[in-house]
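Trainee:
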Amino acid sequence: MIKWLRQRRRPSAEKLRQSMAVQPHFSESIKRYISTPLPKLEKPLEEQQFIAIDFETTGLDFERDKILSIGSVGCSMDGINIASSIELYVNNGEHINATSAEVNGITSKMANKGTDMGRAFDTLLDAMRGKIVLAHNASIEKAFINNFTRQAYQIDDFPCYFIDTMALEKRFSYAARSKLHTSYQLGDLRRHHNLPNYSAHSAAIDSAACAELFLVQCKKFKLGQECLDKVIMSY
7 MIKWLRQRRR PSAEKLRQSM AVQPHFSESI KRYISTPLPK LEKPLEEQQF
57 IAIDFETTGL DFERDKILSI GSVGCSMDGI NIASSIELYV NNGEHINATS
107 AEVNGITSKM ANKGTDMGRA FDTLLDAMRG KIVLAHNASI EKAFINNFTR
157 QAYQIDDFPC YFIDTMALEK RFSYAARSKL HTSYQLGDLR RHHNLPNYSA
207 HSAAIDSAAC AELFLVQCKK FKLGQECLDK VIMSY
């Protein structure tokens, strides 16, 4: 096919960050984030710092649904920094219906005691700064982040490197290549890798569960010496 018809490759997240100008209406947290270089793509995973995140939401439609809680925890190849764990309830000023509350365990009363989305996102940004973001089925978290920054700051593509633990399993595991997996849900993959089941469920617990899965995957798939650009989500 004619080469000039091929879609041009989008710039890396770091190049996007470098091209961004700080605006007066940006929060201090987003100013700090944009002023901090992203992790180096050529650096191996064993030398990187990560933050696992999870969002509890009213649904999967990032334009219509709302984030109810944000969980995160920092980690490296040396282990998980439990002291860095964060869980934030988000008060969107909306009633949470019974179906949503049954799924994620967050009631309107709990959400009403939470912080607003802007402050919650600032807290997350301060934790994310300079790190690689881990998430299970990361396209969901990425879409909600982009939607928020688009509305609040007119930033369509927020500069950030994501590693998706679901995608890692599909790409690197023998079980995936042999079609042995019946499900790629976080709990099912944890059981496959002999990780314990958490009886409770929250954004903070799920972010820790994702971090644990990632570290096991890195060990089993021998990813420690792989460079970041070999394992991140396509931007």
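Here the working numbering = 1-based position in the sequence shown + 6. Glycine included, each C-beta is placed from N, C-alpha and C at the ideal position.
#1: Report the residue ranges of all beta strand (DSSP E) runs contained in full by the segment 138 to 197; include only those spanning at least 3 residues, in chain order.
#2: Could you tell me whether the Cβ atoms of GLU147 and ASN110 are closer together than 7 Å?
#3: Are ILE57 and MET134 touching if we call contact CB-CB under 7 Å?
#4: Where does ASP132 fall in DSSP's three states?
#5: DSSP beta-bridge partners for THR121?
#6: Report yes if the CB atom of GLU93 is closer than 7 Å to the CB atom of GLY80, and no otherwise.
#7: Looking at the structure shown, is THR113 part of a helix, part of a strand, or coil, going by DSSP?
#8: When you compare the segment 126 to 146 with the segment 160 to 175, are there three or more beta-carbon pairs, one atom per stretch, that lie closer than 8 Å?
#9: Tell me the DSSP secondary structure of ALA107 in three-state form.
#10: Mind checking whether ALA104 and THR113 have CB atoms under 7 Å apart?
#11: Specify, as a first and last residue, the run of the alpha helix (DSSP H) that VAL222 falls within.
#12: When the distance is taken between beta carbons, is LEU51 closer than 7 Å to GLU232?
#13: Does the separation of the CB atoms of PHE178 and PHE227 fall below 7 Å?
Mentor: Once the coordinates are examined:
#1: Those beta strand (DSSP E) runs which fall completely within the segment 138 to 197 and span 3+ residues are 138 to 141 and 168 to 170.
#2: no
#3: yes
#4: helix
#5: VAL96
#6: Going by C-beta atoms, GLU93 is not nearer than 7 Å to GLY80.
#7: Coil, per DSSP.
#8: yes
#9: DSSP places ALA107 in helix when its eight states are reduced to three.
#10: It is not a contact, given that the beta carbons lie outside the stated cut-off.
#11: For VAL222, the enclosing alpha helix (DSSP H) has its first and last residue at 209 to 226.
#12: yes
#13: yes
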